[in-house]
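Protein chains in written order, with this note's numbering: chain H, 1 to 335; chain A, 1001 to 1340. Only one structure is covered here, and it is reproduced in the block below.
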């Protein structure tokens, strides 16, 4: 336990350096080789006529920032969900959230074909909230519905339902291709403007998560304990749900469905720093950002010079981890 | 137990048969181009030869109905067996990752061979179910082994492992399809959403042997599934070699699922809904329930395919989409009814 006390400080102190390092690596490697001096120049003495500078400022830098933003958001919302539901499999990826967002964006393209990117992102939030709301709503009224197995099945099923509905609508209104463009705009197509739009949402979500971290720790000991310690559990749950919606909604709006980041990272973090969410939440954010940035770099080289969707990489790492959890913890117990 | 009497069972089977015949007739005659009753009958029995009608019925509508029926029957029976073996009413080939495993193997097969073989080549058509089988088997063996705990099958873990492996296989399939050239990529995408669009006679013939071989084994073993509903120790004390019978039944249902997946892509929920319907109609005896599952599965997929073809005609929705739109609400209803 002695070592664990220092881990959170170590992670948080090392965070700025690690994040800068990942950003540099993410900018350095890609289809076109760019050296460190050029990056430095591009950032401090930007020259619009230089092609390399243009690549860095309009493509590589937004990609690096966006990726880390998404990784951070997903990991924090995973940590919140696991803390609130006391379910070790809860995570944004398997909870039907991204499918809800697909449905909402499909609807927005049908009803408001002229909507701007910002409006689409707001629709995507609403859709994420809808997906999460249905899954957790059903989970809490079903007998034993928040147990790991039930929640995982509900998430899978509701996700299938929402995306089937979306695809039927898309076929009827003949907008399948537009939806495809919206959702297959993967990390390499992150636009500086979109990333800029998402930053405030993620920041608000992060602040909310940090604000309720202590209450989440208490709640993760069990509903009865929390109530008897005088906590207003409903308030905490509503705040946590709002934070999850902001964080996941912006991640999905930026990059579509990226599975398993929100599942794995909180587990690793709890292993490193213990179960105090005061530390789990910020450390999840840091490690999530680093993990997704690393996966993104790997995805550029797996099938060089073509890119592989980053979701493939995170799934390939995530599935064995999920199996390990299912094996170690079984289906019914709360973690 | 008058409710589940023999007469009632026969009655239900006959009703189901009647509904299937009606569904087949409707699918044969209505569509983008409607036929009258007389035209359908005359063309089917060859007493009138009109080139257009022959092509329409024999090349387009009938093969598709046959495939839909076979796939429905196979998935329904496989679902019943899986639920019986795992003692979990939520088991389904799709949720257990068997579809995804078979799908991955077929995508790999397309990746390595399809470019070199013509699409209608007999070898490639007959080989697809085999590759599907290898993938499906690998998936179900992995799920089975990983959910084995303290010498018995842990049914909660059975589902969790399936969900996890399923998403892993899906990710691998995505990776491989992205490495394909554009034409193969298109074939693979159309195939993977669960569509009967490419139905033809060769496909039906390629999966028929699997049905002829595996269905009798399952019917023969049906009484053992009844015993599996008891506690595992009681089943053992009745002299049933539990592990061996589980493996045999699991292999048979995997074979059926893989054959279906190889022609129709991944169609979910049939294996989930149909056994529950059958159980509520005839009771839990598998010797009655499994044949009824085959009938109901046929009916469900034929009707769903008819809807998929015609609801937004001339655009076509994937059959799997229609079935999941019907299946999900039913599934949630099931979750509400079950205790824990």
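Ideal placement from N, C-alpha and C gives every residue a C-beta, glycine not left out. Just so it is clear, the structure is predicted and the values come from calculations on it, not from any experiment.
Query                                                                                                                             : Result
Distance CB(residue 1034 of chain A)-CB(residue 1043 of chain A) smaller than 8 Å                                                 : no
Nearest-angstrom Cα separation, counted from residue 1215 of chain A out to residue 24 of chain H                                 : 60 Å
Where residue 306 of chain H falls: helix, strand or coil (DSSP)                                                                  : strand
Integer Cβ distance of residue 1276 of chain A from residue 1084 of chain A, believed to fall under 8 Å                           : In fact, because the Cβ distance is near 12 Å, the residues do not count as touching under 8 Å.
Backbone secondary structure at residue 252 of chain H - three-state DSSP                                                         : helix
Cβ-heavy atom distance, residue 193 of chain H to the ligand FAD, below 7 Å                                                       : Absent from the structure shown: the ligand FAD. Ligands present: none.
C-alpha distance - residue 146 of chain H paired with residue 123 of chain H, whole-angstrom precision                            : 27 Å
Separation of residue 1061 of chain A from residue 1263 of chain A, as counted between CA atoms                                   : 16 Å
Proximal residues of chain H, C-beta to C-beta of residue 1095 of chain A below 9 Å                                               : 153, 156 and 157
Any alpha helix (DSSP H) of 4 or more consecutive residues that is wholly inside the segment 1015-1088 of chain A                 : 1037-1044, 1051-1054 and 1062-1086
Spatial neighbours of residue 155 of chain H in its chain, beta-carbon cut-off 6 Å, leaving aside the 5 residues before and after : 94, 95, 96 and 135
Reference residue 1104 of chain A, options A:1074, A:1176, A:1154 and A:1078, closest by Cα                                       : A:1176
CB contact check: residue 312 of chain H to chain A, cutoff 8 Å                                                                   : yes
Residues from the segment 1312-1335 of chain A in contact with chain H, defined by Cβ distance under 9 Å                          : 1312, 1315, 1316, 1317, 1318, 1320, 1321, 1322, 1323, 1324, 1325, 1327, 1328, 1329, 1331, 1332 and 1335
Cβ contact (3+ pairs, closer than 8 Å) linking the segment 1161-1181 of chain A and the segment 309-327 of chain H                : yes
Residue environment, residue 1300 of chain A, which counts as buried when at least 16 other CB atoms sit within 10 Å              : buried
Start and end residues, alpha helix (DSSP H) containing residue 1288 of chain A                                                   : 1286-1310
Cβ-Cβ distance between residue 1217 of chain A and residue 1260 of chain A below 8 Å                                              : no
Any chain A beta carbon closer than 8 Å to residue 136 of chain H                                                                 : no
Among H:314, H:19 and H:11, nearest to residue 1172 of chain A - alpha-carbon criterion                                           : H:314
Inter-residue spacing [alpha-carbon to alpha-carbon] between residue 1157 of chain A and residue 149 of chain H                   : 8 Å
Residue 308 of chain H at chain A interface by Cβ criterion, 8 Å                                                                  : yes
Entirely enclosed alpha helix (DSSP H) segments - the segment 81-119 of chain H, minimum 4 residues                               : 97-111
CB contact check: residue 258 of chain H to chain A, cutoff 8 Å                                                                   : no
Under 7 Å from the C-beta of residue 167 of chain H: neighbouring residues of chain A                                             : 1321
Rounded straight-line distance, which links the Cα of residue 73 of chain H to that of residue 283 of chain H                     : 12 Å
Rounded distance between the beta-carbons of residue 1167 of chain A and residue 298 of chain H, thought under 8 Å                : Actually they do not touch by this definition, with Cβ atoms about 18 Å apart.
Where the alpha helix (DSSP H) containing residue 1212 of chain A begins and where it ends                                        : 1201-1228
Proximity of residue 1136 of chain A and residue 1098 of chain A at Cβ, strictly below 8 Å                                        : yes
Candidates A:1039, A:1224 and A:1089, of which the one nearest residue 153 of chain H by Cα                                       : A:1089
Selection from A:1236, A:1334, A:1267 and A:1057 that minimises the alpha carbon distance to residue 1304 of chain A              : A:1267
Reduced DSSP secondary structure (H/G/I, E/B, other) of residue 1012 of chain A                                                   : helix
Check whether residue 1221 of chain A and residue 1196 of chain A have beta carbons under 8 Å apart                               : no
Chain A contacts made by the segment 290-306 of chain H, where a contact means CB separation under 9 Å                            : 302, 303 and 306
Rounded straight-line distance, which links the Cα of residue 1236 of chain A to that of residue 328 of chain H                   : 27 Å
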